[in-house]
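**Student:** Below are the structure tokens for one structure; questions will follow.
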Amino acid sequence: DVKVTQSSRYLVKRTGEKVFLECVQDMDHENMFWYRQDPGLGLRLIYFSYDVKMKEKGDIPEGYSVSREKKERFSLILESASTNQTSMYLCASRFSGRRGNEQFFGPGTRLTVL
Amino acid sequence: GNSVTQMEGPVTLSEEAFLTINCTYTATGYPSLFWYVQYPGEGLQLLLKATKADDKGSNKGFEATYRKETTSFHLEKGSVQVSDSAVYFCGGSQGNLIFGKGTKLSVKP
Chain A
10 DVKVTQSSRY LVKRTGEKVF LECVQDMDHE NMFWYRQDPG LGLRLIYFSY
60 DVKMKEKGDI PEGYSVSREK KERFSLILES ASTNQTSMYL CASRFSGRRG
110 NEQFFGPGTR LTVL
Chain B
42 GNSVTQMEGP VTLSEEAFLT INCTYTATGY PSLFWYVQYP GEGLQLLLKA
92 TKADDKGSNK GFEATYRKET TSFHLEKGSV QVSDSAVYFC GGSQGNLIFG
142 KGTKLSVKP
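These protein sequence lines map, in sequence, to chains A and B.
The numbering of the first sequence is our numbering, which starts it at 10 and goes up by one.
The numbering of the second sequence is our numbering, which starts it at 42 and goes up by one.
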């Protein structure tokens, strides 16, 4: 079974802190994604990566950065956390190539910024 | 640009009722279409998919048919169960996956 794991299920941080959210997948997927999920807004793509050391901005990259130093790991970084970044963060991965390839999701990290 | 629109919830049904959740897409070509489900406290998991016109995806009693003429991919189930209570997301992909906003389904015994 494909497994996508995220480092924390729940996280509480203070405004201004630097926050790292980690995602690891074990199926050798090339593509990895970070989304945030908010009520009434659905899932919005923050950043994605087609392969190691590659990254592309999604729809809402402001206030975030990412790192993909190894194929299995994709990190989301909040350089200076703000209260409007309180949200559920979901990581996903998939094989590249065919557009019909499904994405596999991690369980999510619920981040609260105080 | 490309977009996916699905019916807003919440939807509340009694057990064994018929379910339809509408989903339409706007795209320059013909995307692959997906339905994902999110159970409480979990991430999203693929429910079913279709990659070309007239394809029917099915899983766990759920079905959806890719209708090119109406650009739709409506999710249906003939008899829902309490365990189907979840949030359902429609998605389309011609590269990156674009999601609808989700429809929360509650099934009462």
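Ideal Cβ positions, reconstructed from N, Cα and C, are used throughout, including at glycine.
Given the structure is predicted, the values throughout are model-derived calculations rather than measurements.
With a threshold of 16 other CB atoms inside 10 Å of the CB of P150(B), please say whether the residue is buried or exposed.
**Tutor:** P150(B) should be labelled exposed.
**Student:** In terms of residues, what are the limits of the beta strand (DSSP E) holding I139(B)?
**Tutor:** Where I139(B) is concerned, the enclosing beta strand (DSSP E) stretches over 138-140.
**Student:** Buried or exposed: where does N93(A) fall if 16 or more other Cβ atoms within 10 Å of its Cβ makes it buried?
**Tutor:** Classification of N93(A): exposed, given that the 10 Å Cβ count is below 16.
**Student:** Considering only residues of the same chain and omitting the five flanking positions on each side of L54(B), which have a CB-CB separation below 8 angstroms?
**Tutor:** Same-chain partners within the cutoff: L60, V121, L146, S147, V148, K149.
**Student:** So what does DSSP say about Q79(B), is it helix, strand or coil?
**Tutor:** Q79(B): strand per DSSP, three-state reduction.
**Student:** Got a sec: is the Cβ-Cβ distance from Q149(B) to anything in chain A below 9 angstroms?
**Tutor:** A quick correction: the sequence has Lys, not Gln, at residue 149(B). For K149(B), the answer is no, since every Cβ of chain A falls outside 9 angstroms of its Cβ.
**Student:** Go to K97(B), then tell me how far its beta strand (DSSP E) extends in each direction, as first and last residue.
**Tutor:** K97(B) -> beta strand (DSSP E) spans 97-100.
**Student:** E65(A): buried (16+ other C-beta within 10 angstroms of its C-beta) or exposed?
**Tutor:** It is exposed - the Cβ of E65(A) has fewer than 16 other Cβ atoms within 10 Å.
**Student:** In its own chain, which residues sit with a C-beta less than 8 angstroms from the C-beta of G161(B), not counting the 5 before and 5 after it?
**Tutor:** Missing from the structure shown is residue 161(B); chain B here goes from 42 to 150 and no further.
**Student:** Run down chain B in chain order and give the residues with a C-beta less than 7 angstroms from the C-beta of Q112(A).
**Tutor:** Those within 7 angstroms of Q112(A) in chain B are L138.
**Student:** Which residues in chain B sit within 9 angstroms of F83(A), going by Cβ to Cβ distance?
**Tutor:** Correct list: empty, because the minimum Cβ distance to chain B is about 15 angstroms.
**Student:** Are the stretch 26-33 of chain A and the stretch 82-92 of chain A in contact at 8 angstroms, needing three or more beta carbon pairs?
**Tutor:** Counting Cβ pairs under 8 angstroms, three or more are found: they touch.
**Student:** If you measure beta-carbon to beta-carbon, which residues of the stretch 43-70 of chain A are closer than 7 angstroms to chain B?
**Tutor:** From the stretch 43-70 of chain A, only G49, L50, G51, L52, L54, F57 have a Cβ closer than 7 angstroms to chain B.
**Student:** Drop a sphere of 10 angstroms on the beta-carbon of K118(B), count the other beta-carbons inside from all chains shown, and report buried for 16 or more, exposed for fewer.
**Tutor:** The residue in question, K118(B), is buried, as its Cβ has 16 or more Cβ neighbours within 10 Å.
**Student:** Can you tell me whether V45(B) is buried or exposed? The criterion is at least 16 other CB atoms within 10 Å of its CB, across all chains shown.
**Tutor:** Looking at its Cβ environment, which holds 16 or more other Cβ atoms inside 10 Å, V45(B) is buried.
**Student:** Considering only C-alpha positions, which residue in the set E31(A), K22(A), V21(A), L20(A) is nearest to G115(A)?
**Tutor:** Answer by Cα proximity: E31(A).
**Student:** If you run the structure through DSSP and keep just helix, strand and coil, what is S124(B)?
**Tutor:** Three-state result, S124(B): helix.
**Student:** Kindly list the residues whose CB is nearer than 7 angstroms to the CB of S99(B), restricted to its own chain and excluding five residues on each side of it in sequence; keep chain order.
**Tutor:** So the list reads L89, once near-sequence residues are dropped.
**Student:** What is the rounded straight-line gap between the Cα of R77(A) and the Cα of N110(A)?
**Tutor:** Each residue's Cα considered, the two are about 21 angstroms apart.
**Student:** Using a Cβ-Cβ distance cut-off of 9 angstroms, determine whether G72(A) contacts chain B.
**Tutor:** Closer than 9 angstroms: no.
**Student:** So, are the CB atoms of R53(A) and Y59(A) less than 9 angstroms apart?
**Tutor:** Contact: no.
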